[in-house]
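Residue numbers (the working numbering): -14 to 133. What follows is one structure encoded as structure tokens, with my remarks underneath.
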Amino acid sequence: MLYFARKLVSYLTNKPANKGAQFLYVNPNLDKPIFLQIAEQLEDSIFTGVFPEETQIPSTNEISALLSINPHTVLKGMNMLVDEEIIYKKRGLGMFVKEGAVEKIRQKRQSQFYEQYIATLVGEAVKLKMTKEEIIMLIERGYEHERH
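Here it is, written out as structure tokens:
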């Protein structure tokens, strides 16, 4: 496993990112391709504000050097984000976070949340012959548990 244990650096201040900043790492032992791991982690860094909209993200070469991986692998992950209109290239300057990227990511994740969790929850509840009210009570119990 390759782990990158250095915090992402803010390009605006050139100081270490906030305490809650994400660590960028790859795990070649996962079934998930490395380029996809990079795309997901960059997306998460954008979503959590490590890289605000209209700010520059690390270059392909910087990420590949820090993670000791092929620059083409990093570029493939970045191109996924370009295709999703989350980042864009400024010719001669590098890659930047697109305005509206956070909302686009939020919408994507809400859709994924429905598919991964809600549809599965409802399907299992139907098998268990649970009512909608019983499901809602369980969700409310979960929220109460999270508050304490």
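From the three backbone atoms N, C-alpha and C, an ideal C-beta is built for every residue, glycine too.
{"Asked": "Measuring CB atoms only, is the stretch 54 to 70 touching the stretch 14 to 21, in the sense that at least three cross pairs come out at less than 8 angstroms?", "Found": "yes"}
{"Asked": "Can you tell me where the alpha helix (DSSP H) with residue 120 in it begins and where it stops?", "Found": "117 to 132"}
{"Asked": "Look at residue 81 and residue 41 and say whether their C-beta atoms are less than 8 angstroms apart.", "Found": "yes"}
{"Asked": "How many angstroms separate the CA atom of residue 100 from the CA atom of residue 112?", "Found": "17 angstroms"}
{"Asked": "Measure the C-alpha to C-alpha separation of residue 69 and residue 117 and round it to an integer number of angstroms.", "Found": "35 angstroms"}
{"Asked": "Could you tell me which of 84, 107, 114 sits nearest to residue 67, measuring between CA atoms?", "Found": "84"}
{"Asked": "Just how far apart, CA to CA, sit residue 115 and residue 124?", "Found": "13 angstroms"}
{"Asked": "DSSP on residue 75, reduced to helix/strand/coil?", "Found": "strand"}
{"Asked": "So which of 16, 46, 71 has the shortest CA-CA distance to residue 29?", "Found": "71"}
{"Asked": "Quick one, which of 50, 32, 16, 14 has its alpha-carbon nearest residue 93's?", "Found": "32"}
{"Asked": "Check for me: the alpha helix (DSSP H) holding residue 30 runs from which residue to which?", "Found": "19 to 32"}
{"Asked": "Would you list the one or two residues that DSSP bridges to residue 80?", "Found": "74"}
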